[in-house]
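K.L.:
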Amino acid sequence: MACRAPKRRRVSPPPGDDDGESAGGNAKVQKQFFKSAANWSLEQDYESRPRKGKKKKDKKANDEGNGGKLLVKTPSGTWASRDDDDEVGSVASDASWLESDGDNEAVSEEAPRPVPEQPKIPVREQIRKAQEELAQIATKLNEDPEEHPGSFKAMAAVGDSSIVAIQKLCLVTQMAVYKDIIPGYRIRPASEDPAKEKLSKDVKRVRTYEQSLVAGYHAYIKTLARYANGRGTPGDRKSSQPISSVAIACACTLLNAVPHFNFRGDLIRILVRKLSTRQIDADFVKCRDALETLFREDEEGRPSMEATSLLTKMMRAKEYHVDETVLNVFLHLRLLSEFSGKASYDKVSRLDDAPVAKKNKEKVFRTKKERKLLKEQKAAEKVMAHADASVSHEERDQMQSETLKMVFATYFRILKARSPQLMGAVLEGLAKYAHLINQQFFGDLLEALKDLIRYSDSPEEDDGDDAEKEDDEDKSPARDTSRESLLCTVTAFALLAGQDAHNARSDLHLDLSFFITNLHRSLLGLSVNPDLELGAKSLHLADPESGEANKRKDFKVNLQTTTVLLMRCLSGVLLPPWNIRSVPPLRLAAFTKQLMSASLQMPEKSCQAVLGLLQDVLHTHGKKINSLWNTEERKGDGTYKPLSETVEGTNPFTTTIWEGEVLRRHYCPKVKEEVKLMEKALRTM
1 MACRAPKRRR VSPPPGDDDG ESAGGNAKVQ KQFFKSAANW SLEQDYESRP RKGKKKKDKK
61 ANDEGNGGKL LVKTPSGTWA SRDDDDEVGS VASDASWLES DGDNEAVSEE APRPVPEQPK
121 IPVREQIRKA QEELAQIATK LNEDPEEHPG SFKAMAAVGD SSIVAIQKLC LVTQMAVYKD
181 IIPGYRIRPA SEDPAKEKLS KDVKRVRTYE QSLVAGYHAY IKTLARYANG RGTPGDRKSS
241 QPISSVAIAC ACTLLNAVPH FNFRGDLIRI LVRKLSTRQI DADFVKCRDA LETLFREDEE
301 GRPSMEATSL LTKMMRAKEY HVDETVLNVF LHLRLLSEFS GKASYDKVSR LDDAPVAKKN
361 KEKVFRTKKE RKLLKEQKAA EKVMAHADAS VSHEERDQMQ SETLKMVFAT YFRILKARSP
421 QLMGAVLEGL AKYAHLINQQ FFGDLLEALK DLIRYSDSPE EDDGDDAEKE DDEDKSPARD
481 TSRESLLCTV TAFALLAGQD AHNARSDLHL DLSFFITNLH RSLLGLSVNP DLELGAKSLH
541 LADPESGEAN KRKDFKVNLQ TTTVLLMRCL SGVLLPPWNI RSVPPLRLAA FTKQLMSASL
601 QMPEKSCQAV LGLLQDVLHT HGKKINSLWN TEERKGDGTY KPLSETVEGT NPFTTTIWEG
661 EVLRRHYCPK VKEEVKLMEK ALRTM
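Put into structure tokens, the structure is as follows:
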């Protein structure tokens, strides 16, 4: 049995000087002990205790299988251990998100990111907000536009919406605002202002407003041109009024309202571009009416000259394949009425005269020296007023001369090109402008008319090129050679009747025998024409679905029937207004006999017109041709040749007029009455 070890007694240190130090050290240790005890985790000791109900084998298996990690429920519903790679990947992804800086942001911007969907605002709500915003801006500009120069850009920015209704609303609102606030003068560009000019504060404010107005107006006109030339969106094309129609309507309104302002040429180009199309619709009619209004109301002359220049250039570029009504726009120029008379000069002088004092007004006493000074002052003012008026009239006359030159050049080129769809409008225009044509130009013009008559008498050629022009021929009216010939004859006599050209026939060597002979030869053919009493556009009713229904019915250009044209030609040949007694008897007799023969085949209205003309001829030249109704004796020898190539070769005095006996039994009572009146006039001679 082992012996117990001896018990040792702890020997305390002897009391001495170190007792105070040991007591202080124990106090420090105790204080640190209590201080650290507050931070102890009581659960740590609990966690280190062994778990009850678990064996060491299960613990080892779990430790070796998943490393002490919790199980994860898979999408299939089973429980499985978490992989280390997934955890490492998740930790790496978290670390990358935490460590993301400016470099990673640049990469993320390059990669496409899904845009968060914003709440969609209904279209009606957007339109309502746009209306309110436009109304506020327009109200500010109408009240005091000089205080809000930046509102022009804000108003245009509203139209950047993708909704077509808002775009239309913005265009119309801008048009109304600019129409109201545009001044009555043209604003010069900022580049023309002196650079070092000292300006007051008010002048600078006005200059800033004017430049903002010009910039906004220019941008607006560019927007109108873009919409007017574009086709619009598919949804816009399905609407009742596409945005192109709204843009064209705004351009027409501005051109007629403020033709004096800047960028007038851009507005005219929008209209001319629309008139260059062959399709006639409501927009085409608006543009045509706007140009006609501009021509009628233009007192300056420069806008008309610019519009005429653009129209003529467009026609030449299109090789004159334009609608007839576009050419008829030239008939609304003011120079037709102003260029010939001097009434405007007298009117200006009368307006500048001093008003006459009323009788009841008290006279102001002035000395003789004051009256003399006042008289000299009025005389000086009158001279200055006349000088200003003469300068303005000279400028306007110069512009009108250039305009007239361009119009005549266009007419002459169309005559040379022989465009059948424009021939009526050209000849009608030449007849209207006959009093303004230079006499030296008559010779070339008459030769062109003769060539046109020869071309109309020649048969139509069927070449291989006709197959390429089938589409254009289907749209253009059919060629009427007899009508073209009559139009040329009417124009030739109208040219002589205007501007006293008949007095210079001997000097200019103008010979109209070609037109007279052609008219005489065509009388028998015209009498059997089934369309004699129909116009060029009245043969068939217009299709209501086509553009013909949009043509105006009040404009009487090239709408006269063939009978009316024939009567105008015969009046110029048999009853010329410049020298009615100078017609030779041989010509009178030949036409009288030919007309009586042709009246047997004419419809009743045409027959009445011919008999009425012959009554006027008998009233004027009855003694020269009354022998044609005498059956007992003849004035000439030989045989009558109605189909002769010349009027003199027909030998009319060798025959008698027997057609009156047949017309006595005409089915129309009015024709019978005309024949009786003609014979009654013969008996009184």
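Read left to right, the sequence shown gives residues 1 to 685 (the UniProt record's numbering).
Glycine included, C-beta positions come from ideal geometry on N, C-alpha and C.
Keep in mind it's a predicted model, so treat the numbers as computed, not measured.
Closest to Lys318 by C-alpha separation, out of Val383, Ile414 and Phe365, would be which residue?
P.N.:
Ranking Val383, Ile414 and Phe365 by Cα distance to Lys318 puts Ile414 first.
K.L.:
So the beta strand (DSSP E) Val72 belongs to, where does it begin and stop?
P.N.:
Start and end: Leu71 to Lys73.
K.L.:
Under 8 Å, do Ser309 and Met406 count as touching if we go by C-beta distance?
P.N.:
Their beta carbons are under 8 Å apart, which means Ser309 touches Met406 by this criterion.
K.L.:
Would you kindly check if the distance between the Cβ of Thr654 and the Cβ of Pro642 is under 8 Å?
P.N.:
Cβ distance not < 8 Å, so Pro642 and Thr654 don't count as in contact.
K.L.:
From which residue to which residue does the alpha helix (DSSP H) around Pro669 run?
P.N.:
Pro669 -> alpha helix (DSSP H) spans Pro669 to Arg683.
K.L.:
If we count the other Cβ atoms within 10 Å of its Cβ and call it buried at 16 or more, is Tyr220 buried or exposed?
P.N.:
Answer is buried; the Cβ neighbour count reaches 16.
K.L.:
Hey, out of Lys31, Lys680 and Leu595, whose CA is closest to Cys569's CA?
P.N.:
It is Leu595.
K.L.:
Using a Cβ distance threshold of 8 Å, determine whether the stretch 289-299 contacts the stretch 240-256, with at least three qualifying pairs required.
P.N.:
Touching, per the Cβ criterion.
K.L.:
Could you check what DSSP says for Trp79 in three-state terms: helix, strand or coil?
P.N.:
DSSP places Trp79 in strand when its eight states are reduced to three.
K.L.:
Taking the runs of the alpha helix (DSSP H) that are 4 residues or longer, which of them lie wholly in the stretch 571-614?
P.N.:
With a minimum length of 4 residues, the continuous alpha helix (DSSP H) runs that stay inside the stretch 571-614 are 585-598.
K.L.:
CB Arg186 to CB Asn262, shorter than 8 Å?
P.N.:
Contact flag set, yes.
K.L.:
Tell me the DSSP secondary structure of Phe410 in three-state form.
P.N.:
Reading the sequence as shown, one finds Thr at residue 410 and not Phe. If DSSP states are grouped into helix, strand and coil, Thr410 belongs with the helices.
K.L.:
Decide yes or no for the touch test of the stretch 574-583 against the stretch 609-628: beta carbon pairs closer than 8 Å, at least 3 of them.
P.N.:
Counting Cβ pairs under 8 Å, three or more are found: they touch.
K.L.:
Inspect the CB distances between the stretch 158-169 and the stretch 207-216 and report whether three or more fall short of 8 Å.
P.N.:
No: the two stretches stay apart, fewer than three of their Cβ pairs being nearer than 8 Å.
K.L.:
First and last residue of the alpha helix (DSSP H) that includes Ser212?
P.N.:
Here the alpha helix (DSSP H) through Ser212 covers Lys201 to Asn229.
K.L.:
Go through its chain and collect everything with a Cβ distance to Met175's Cβ below 7 Å, but skip five positions before and after it.
P.N.:
Only Cys250, Thr253 and Leu254 meet the Cβ criterion.
K.L.:
Tell me which same chain residues have a C-beta within less than 7 Å of the C-beta of Ala190, skipping the five on either side of it?
P.N.:
Correct list, in chain order: Gln211.
K.L.:
Let me know the secondary structure DSSP gives Ser349 once reduced to three states.
P.N.:
For Ser349, the predicted model reports a pLDDT of 31, less than 50, meaning its position is unreliable and no value from the coordinates is stated.
K.L.:
Quick check: the Cα distance between Ala156 and Glu394, rounded to an integer number of angstroms?
P.N.:
One C-alpha to the other measures close to 42 Å.
K.L.:
Would you mind giving the Cβ-Cβ distance between Thr563 and Asp531, rounded to the nearest angstrom? I have them listed as a contact below 8 Å.
P.N.:
Rounded, the Cβ-Cβ distance is 10 Å, inconsistent with contact.
K.L.:
Give the list of continuous beta strand (DSSP E) stretches no shorter than 3 residues that lie fully inside the stretch 244-274.
P.N.:
Here no run is fully enclosed.
K.L.:
Along the alpha helix (DSSP H) that carries Val514, what are the first and last residues, could you check?
P.N.:
For the record, residue 514 in the displayed sequence is Phe; it is not Val. Looking at the DSSP string, the run of the alpha helix (DSSP H) that includes Phe514 is Ser513 to Arg521.
K.L.:
Express the C-alpha separation of Val158 and Gly102 in angstroms, rounding to a whole number.
P.N.:
For Gly102, the predicted model reports a pLDDT of 43, less than 50, meaning its position is unreliable; a value from the coordinates is still stated below. Distance between the alpha carbons of Gly102 and Val158: 36 Å.
K.L.:
Return the chain-ordered list of same chain residues with a C-beta closer than 8 Å to the C-beta of Thr74, the five sequence neighbours on each side being excluded.
P.N.:
So the list reads Ala80, once near-sequence residues are dropped.
K.L.:
Contact check, Ala228 vs Ile270 under 8 Å by CB: the rounded distance?
P.N.:
With 8 Å as the limit, Ala228 and Ile270 qualify as a contact, their Cβ atoms being about 5 Å apart.
K.L.:
Is Glu674 closer than 8 Å to Gln601 when the C-beta atoms are compared?
P.N.:
No, these two residues do not count as a Cβ contact at 8 Å.
K.L.:
To the nearest angstrom, report how far apart Leu523 and Arg273 are at their CA atoms.
P.N.:
When rounded, the distance between both Cα atoms is 43 Å.
K.L.:
I'd like the ranges of any alpha helix (DSSP H) spanning at least 4 consecutive residues and lying wholly in the stretch 409-442.
P.N.:
Within the stretch 409-442, the complete alpha helix (DSSP H) runs of at least 4 residues are 423-432.
K.L.:
Return the chain-ordered list of same chain residues with a C-beta closer than 6 Å to the C-beta of Asp17, the five sequence neighbours on each side being excluded.
P.N.:
At Asp17 the pLDDT is 49, less than 50, meaning the model places this residue with poor confidence; the figure from the coordinates comes in the next sentence. Closer than 6 Å at the Cβ level, and outside the excluded window around Asp17, lies no residue.
K.L.:
Helix, strand or coil for residue 686, going by three-state DSSP, please let me know.
P.N.:
Look at the range of the chain in this structure, 1 to 685, and you will see that residue 686 is not part of it.
K.L.:
Using the C-alpha atoms, what's the distance from Val610 back to His666?
P.N.:
His666 and Val610: Cα-Cα distance of roughly 14 Å.
K.L.:
Output the boundary residues of the alpha helix (DSSP H) element that contains Pro303.
P.N.:
Here the alpha helix (DSSP H) through Pro303 covers Arg302 to Ala317.
K.L.:
Suppose you measure from the CA of Thr592 to the CA of Val322; what does that come to, to the nearest Å?
P.N.:
If I take the Cα positions, the gap works out to 41 Å.
K.L.:
Count the other C-beta atoms from every protein chain shown that fall within 10 angstroms of the C-beta of Phe408, then say buried if there are 16 or more, exposed otherwise.
P.N.:
So Phe408 ends up on the buried side.
K.L.:
At which residues does the alpha helix (DSSP H) containing Ile163 begin and terminate?
P.N.:
First-last for Ile163: undefined, no H or E at that position.
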